[in-house]
Amino acid sequence: MADRVRDRQSALSMVLRPTVWRSSLVLDMNRASVAAPIRVGIAVGLVLVVGGLTGTRDIAGFAALGALISAFCRPDPYRVRLGRLVVLGVGIISSVAVGAILGISGAAPGVEIVTIAVLGSLAALVIGMLHIAGPGAVVFVFAATAAMGFAHDPGDLTRALVATVLGTLCGAVASLAPWLFGGLVGGLRSLIRRVSTPPAAVNTSVDHVSLRTALHRRPRPDLVANSCRILVAMVASAALAEAIGLSHPMWAAMGAMAAMQGVAYHVTVQRGLQRMLGNVVGAVIAAGLLGLGLGYWGAVVAIVICQVVAEISAPVNYAIASSAVTPMALMMTALGAGLTPAAAIDRVADTLIGVVAGIVIAAVTITGGELRAQRTAAVTVTANGGAARG
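Numbering (full-length UniProt numbering), first residue to last: 1 to 390.
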């Protein structure tokens, strides 16, 4: 028993190690790319422009959330990507439906928190089972939370769902554009070469199993355990934010989820620190943008720029990506609900609660195998930190 207590204390102390903080600031420029982030920015920008021109600005944000499926599956071959985009599209549409139904029903805060936490944990499990790379299940929680605040009657539900469906179609086309339109722009030869590439030549960093095979597999125990941790952390952080009177308790739940999207404990710690650092910087940017009173079209420009920056920087350093995601998310929320600069302060407070809850729950529930992996990771982080200083 004493050993287990010491192990958990050691896990918690990882947050205080200078090497962990330094590793959170390391930039991996070899993973940067531009083409896919630009396609995501085009998809998001297009649906926001259409929303502005058609007088549906209040639901344009839902179309933009649907278009965000283009940010997923970037390492996947196009034929593998197609099925996963369908799953993601169904997931984002279902999330909006769940959130809207909660909003219409006027459910108690506790019911809202638990329902969206269950949604988030299931989304994290499915994304892990399908080996889907990208922003993670936090996007689905964001969609459900936005719909919950927007919908007050069945008409709102219908409008939000239609916008989300159209956005997912736009996002899917943007993601698959090089494959769908390769022949029209003289890329037929490279398309054929890509399709005929033997499995050994395809990017092996991702498990490219068929969608049916992945869905019929029994979930790995570590994925199930992490999904349960996410559920507990989301409920705990949102309940605490609600209890102390913060205006957006589900932002705390999203902070916990974003930190815990990596299965390994050391990844939870690193992502939590990066998200906190990024949120502080992003809150300053968001407060400035919200204070400028940009109007709809100015907000669209800011959202697209932040989205592209986030997509480019996400593989490089999550702290930089988070500093762009924070103002993007707040500006997107402001399209339909309207926010003041004070919302940026709430965002930081909520995120801090979520990150702390995520790290504490991950440390308390850490298993023996995870502890061994955490010690190995700590050695690696120390070595990397020393190399970075050198």
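Glycine included, C-beta positions come from ideal geometry on N, C-alpha and C.
- With respect to residue 60, residue 48 sits close: the two C-beta atoms are nearer than 8 Å.
- The alpha-carbon of residue 38 is positioned some 18 Å away from that of residue 50.
- Residue 306: member of the alpha helix (DSSP H) spanning 295-313, first to last residue.
- For residue 219, no alpha helix (DSSP H) segment is defined, and its DSSP state is neither H nor E.
- Taking 8 Å as the upper bound for CB-CB distance, residue 137 and residue 257 are in contact here, some 6 Å apart.
- Assignment of residue 271 by DSSP, reduced to helix, strand and coil, places it in the helix class.
- Taking 8 Å as the upper bound for CB-CB distance, residue 311 and residue 71 are in contact here, some 6 Å apart.
- Looking only at 140, 115 and 116, the smallest Cα-Cα distance to residue 127 is reached by 140.
- Excluding sequence positions up to five before and after residue 298, its CB lies within less than 8 Å of the CB of 292, all in the same chain and listed in chain order.
- Linking residue 125 to residue 260 through their CA atoms gives a straight-line distance of about 12 Å.
- Secondary structure of residue 73 (DSSP, three-state): coil.
- Distance from the CA atom of residue 80 to the CA atom of residue 170, rounded to whole angstroms, is 18 Å.
- Distance check between residue 77 and each of 176, 57, 166 and 274 places 176 closest, using alpha-carbon atoms only.
- Secondary structure of residue 350 (DSSP, three-state): helix.
- Along the segment 111-158, the alpha helix (DSSP H) occurs as fully enclosed runs of 4 or more residues at 138-150, listed in sequence order.
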